[in-house]
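Taking it in order: structure first as structure tokens, then the write-up.
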């Protein structure tokens with residue numbers, strides 16, 4: 002049986018920054034698309050117009066791969082160098098279910114709870130992509 006890995010990505014924009022909502026499998030096959038999208042959002046917007054914050058919502062991700070979490074850590078460093086604060090959300094109540102190595106890598110990234118997620122006053126969906 003052949004297994005298909007998919008990820009869906011949606012970008013919402015608000016005055017305070019961007020929210021990237023991801024759903025599906027976060028694996029070596031699909032994670033590159035998420036990291037490229039993060040890089041594009043950080044690099045493609047001139048300052049001071051660019052986002053002040055970039056939140057990646059992982060609430061709808063069914064599985065995590067350590068290579069992708071490491072790539073997100075590197076993307077966090079690149080975003081910080083560009084003056085953009087990158088953090089993760091959507092992990093509430095799920096950390097204990099993750100493989101130990103993935104959970105340990107997530108400890109190196111800023112994670113916020115859903116209550117702290119920046120409000121999206123009339124969010125505007127910029128893109129939806131499926132792999």
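In the numbering used here, the protein residues as written are 2 to 132. By construction, the Cβ of each residue, glycine as well, lies at the ideal position given by its N, Cα and C atoms. For clarity, every value in this text was computed on a predicted model and none was experimentally measured.
- By the C-beta density criterion, residue 90 is buried, having at least 16 other C-beta atoms within 10 angstroms.
- When the Cα atoms are used, residue 82 and residue 98 turn out to be separated by approximately 32 Å.
- One thing to note: residue 57 has its Cβ no nearer than 8 Å to the Cβ of residue 25.
- Distance from residue 70 to residue 29 at the Cβ level is roughly 11 Å; contact not present, criterion being Cβ atoms closer than 8 Å.
- Non-local beta-carbon contacts of residue 66 in its own chain, meaning distances under 7 Å to residues more than five positions away in sequence, involve 27, 28, 29, 32 in chain order.
- If you ignore the 5 residues before and after residue 86, its C-beta comes within less than 6 Å of the C-beta of 54, all in its own chain and listed in chain order.
- Taking a 10 Å sphere around the C-beta of residue 78, we find fewer than 16 other C-beta atoms and assign the residue as exposed.
- Only residues of its own chain outside the window of five on either side were considered, and among them 74 have a CB closer than 8 Å to the CB of residue 109, listed in chain order.
- By alpha-carbon distance to residue 76, the top candidate from 15, 114, 60, 36 is 36.
- For residue 109, no alpha helix (DSSP H) run applies, since DSSP gives it neither H nor E.
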